[in-house]
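First residue of the sequence shown: 432, per this note's numbering; consecutive thereafter.
Don't be surprised by glycine CBs; every beta carbon is placed ideally from N, CA and C.
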Amino acid sequence: LAVPGVGHILVILAIESVIATILVLLLEKNFYLQEIKLFISKKRKNDEEIGCITTDDFEGERDRDVATERELVSELQDTKDYPVIISSLTKEYKSLSAQLFPCGTNANTKLAVDGISIAIHNGECFGLLGVNGAGKTTTFKMLTGDISISSGSASVASYDIK
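#1: Return the first residue and the last residue of the beta strand (DSSP E) that Asp577 is part of.
#2: At which residues does the alpha helix (DSSP H) containing Ser582 begin and terminate?
#3: Going by alpha carbons, who is nearest to Ala565 out of Lys541, Asp509, Thr510?
#4: Could you give the DSSP three-state label for Asp496: helix, strand or coil?
#5: Quick check on Leu520: buried or exposed, where buried means 16 or more other Cβ atoms within 10 Å of its Cβ?
#6: Can you tell me which of the three DSSP states Ala451 falls into?
#7: So, for Ile580: in the same chain, excluding its five sequence neighbours on each side, which residues have a beta-carbon less than 7 angstroms away from its beta-carbon?
#8: I'd like to know whether the C-beta atoms of Thr510 and Ala543 end up nearer to each other than 9 angstroms.
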């Protein structure tokens, strides 16, 4: 490597390729993605500091339409008129400590989607509305298969997503 030439450049290239390959594999498998994002952005605030609202705050105020839709989905027999059916769809993101120690507390688990149930009728124009962080993007990512479903079920054109 002390001799003039490209030897030192090839060594650096080999090291960079190993690091890049490991990074791509980690990102493709969403391996510790949340922890990496938190580390990079340094937005380590807990829920009390940013004033998050939990689902417990609204437990008694469930809309009648939500209850009606949930009941329709649970009693649905003939699915041919409903190309999209989502039943009790839930997504939980677990922190690194919750993944390493699954028997511990669930304090390090973030609930992104909490039991959504929808049956979309043929020809119906549908959209999800909600504030930032309500789970709209996560719901569609689960429907497209970009991320895994924690619990519940979903089918698009009679194809089971799970």
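By the coordinates alone:
#1: Locating residue 577 in the sequence shown gives position 146, where the first residue counts as 1. Where Asp577 is concerned, there is no enclosing beta strand (DSSP E), given that its DSSP letter is neither H nor E.
#2: To locate residue 582, count along the sequence shown from 1; it is residue 151. Taken as a continuous stretch (DSSP letters only), Ser582 belongs to no alpha helix (DSSP H), being part of the beta strand (DSSP E) at 582-587.
#3: In the sequence shown, residue 565 corresponds to position 134, counting from 1. Comparing Cα-Cα distances from Ala565 to each of Lys541, Asp509, Thr510, the minimum goes to Lys541.
#4: Working through the sequence shown from its first residue, we reach residue 496 at position 65. Asp496 falls in the helix class under three-state DSSP.
#5: Taking the first residue of the sequence shown as position 1, residue 520 is located at position 89. Burial of Leu520 is indicated by the presence of at least 16 other C-beta atoms within 10 angstroms of its C-beta.
#6: Looking up residue 451 in the sequence shown gives position 20. Helix at Ala451.
#7: The residue you call residue 580 lines up with position 149 of the sequence shown. Around Ile580: Leu520, Lys522, Met573, Ile592, Lys593.
#8: The residue given as residue 510 occupies position 79 in the sequence shown. The residue given as residue 543 occupies position 112 in the sequence shown. For Thr510 and Ala543, no; Cβs fall outside 9 angstroms.
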